[in-house]
Amino acid sequence: MAPVKVIGAGFGRTGTESLRFALDILGYKTHHMKCFLTDPSMDCNGFYNAYHNREEADWDQLFEGYDAVTDFSAATFYYDLYKKYPDAKVILTVRSADSWYTSIKNTTFWTAKEFPIPDEGTRAFDVARLCKTICLDGKIFDPESFLQEEKIKQLYRDHIEDVKKSIPEDQLLVVELGEGWERICKFLGKDVPDVPYPRSNSTTEFVNFFLNRERTAGVAPPLSQPVLSQSL
């Protein structure tokens with residue numbers, strides 16, 4: 004199902020899973036980082052190698068079966084994907100740097116800090132290595148880097164500006180978190196569905212997703228974490 008028609012250039016925790024479900028409602032088959040956990044056909048090592056050798060990446064093969072992409076697996080490679088699929092529409096989901104940092108800290112950073120490292124040679128290890136590599140170039144998984152809050156926020160702001168400068172205006176839509184259907188549908192040439200815009204993957208939902216998976220594997224951390232916000 005190539006080529007990729009929609010590229011989500013927004014970092015994770017900017018409403019990327021909600022966008023995933025919205026695009027699916029509009030008729031796309033959308034990739035998100037969670038697909039590495041739920042779709043066993045996804046080539047984690049292929050994406051890992053693509054990060055280090057972008058000019059040699061076979062994006063058609065890596066995203067086989069998908070024609071829209073979101074989350075860090077899209078945002079990290081957004082310009083590589085745009086060069087490969089120059090007719091694709093690019094959607095940049097954004098929110099304030101402060102709220103984004105808080106959300107990342109309570110989710111991705113929390114799981115990286117609390118969960119044990121999987122055994123090498125397992126798919127879980129491959130997924131963890133990939134996430135550690137492509138999510139903000141590893142900085143989310145490095146407490147020394149991630150806890151330099153202002154520097155991380157600036158990286159987030161710089162990414163937004165980079166996307167705006169790199170993608171032609173007629174192919175780029177900047178969407179605020181929680182905005183809804185109207186502008187997205189107009190941008191993609193789709194009718195507005197007769198259903199509410201999806202609201203998915205709140206901080207609590209994110210944490211519960213990983214806790215439930217890790218409990219199944221017998222390696223969940225104790226439930227001693229502070230109460231987390233409901234923000235996306």
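Once you know that position 138 of the sequence shown is 141 in my numbering, the rest is easy, because the numbers rise by one and skip nothing. We put the beta carbon where it would ideally sit given N, CA and C, even for glycine. Computed from a predicted model, the values in this text were never measured in an experiment.
What residues in its chain sit with their C-beta under 6 Å from that of Thr219, if we drop five residues either side in the sequence? With a pLDDT of only 38 at Thr219, under the threshold of 50, the placement of this residue in the model should not be trusted, and no figure is reported.
Anticipated Cβ contact below 8 Å, Ile143 with Phe112, distance rounded: Sure, about 5 Å apart at Cβ, within 8 Å.
Do the region 10 to 29 and the region 76 to 83 touch if we need at least three Cβ pairs shorter than 8 Å? Yes, the region 10 to 29 touches the region 76 to 83.
Under 8 Å by Cβ, that's how I've got Glu164 and Tyr104 pegged, so tell me the actual separation to the nearest angstrom. With 8 Å as the limit, Glu164 and Tyr104 do not qualify as a contact, their Cβ atoms being about 17 Å apart.
Does DSSP put Ala25 in a helix, a strand or coil? helix
When the Cα of Cys134 is compared with those of Thr33, Lys37, Lys32, which residue comes out closest? Lys37
Of the choices Arg98, Asp70, Pro121, Ser76, whose alpha-carbon is the least far from that of Ala91? Asp70
Would you call the CB atoms of Thr96 and Val72 closer than 8 Å? no
Relative to the C-alpha of Asp140, which candidate in Ala127, Phe128, Ile155 has its C-alpha closest? Ile155
Going by Cα to Cα distance, which pick from Lys193, Asn56, Ala127, Glu147 is closest to Pro43? Ala127
By the DSSP assignment, the alpha helix (DSSP H) with Thr110 in it spans what residues? Careful: Thr110 lies outside any alpha helix (DSSP H) and carries neither H nor E.
In whole angstroms, what separates the C-alpha of Glu147 from that of Lys193? Distance between the alpha carbons of Glu147 and Lys193: 44 Å.
Exposed or buried, which one is Ile170 when buried takes at least 16 other CB atoms within 10 Å? buried
Identify whether Gly181 lies in helix, strand or coil by the three-state DSSP scheme. Assignment of Gly181 by DSSP, reduced to helix, strand and coil, places it in the coil class.
DSSP three-state label for Gln233, please. For Gln233, the predicted model reports a pLDDT of 31, less than 50, meaning its position is unreliable and no value from the coordinates is stated.
Determine the closest residue to Val7 out of Tyr88, Arg98, Tyr51, with distance taken between C-alpha atoms. Nearest neighbour of Val7 by Cα position, chosen from Tyr88, Arg98, Tyr51, turns out to be Tyr88.
Ile187 and Ala25 look like a contact to me (Cβ under 8 Å); what is the Cβ gap, rounded to whole Å? 7 Å
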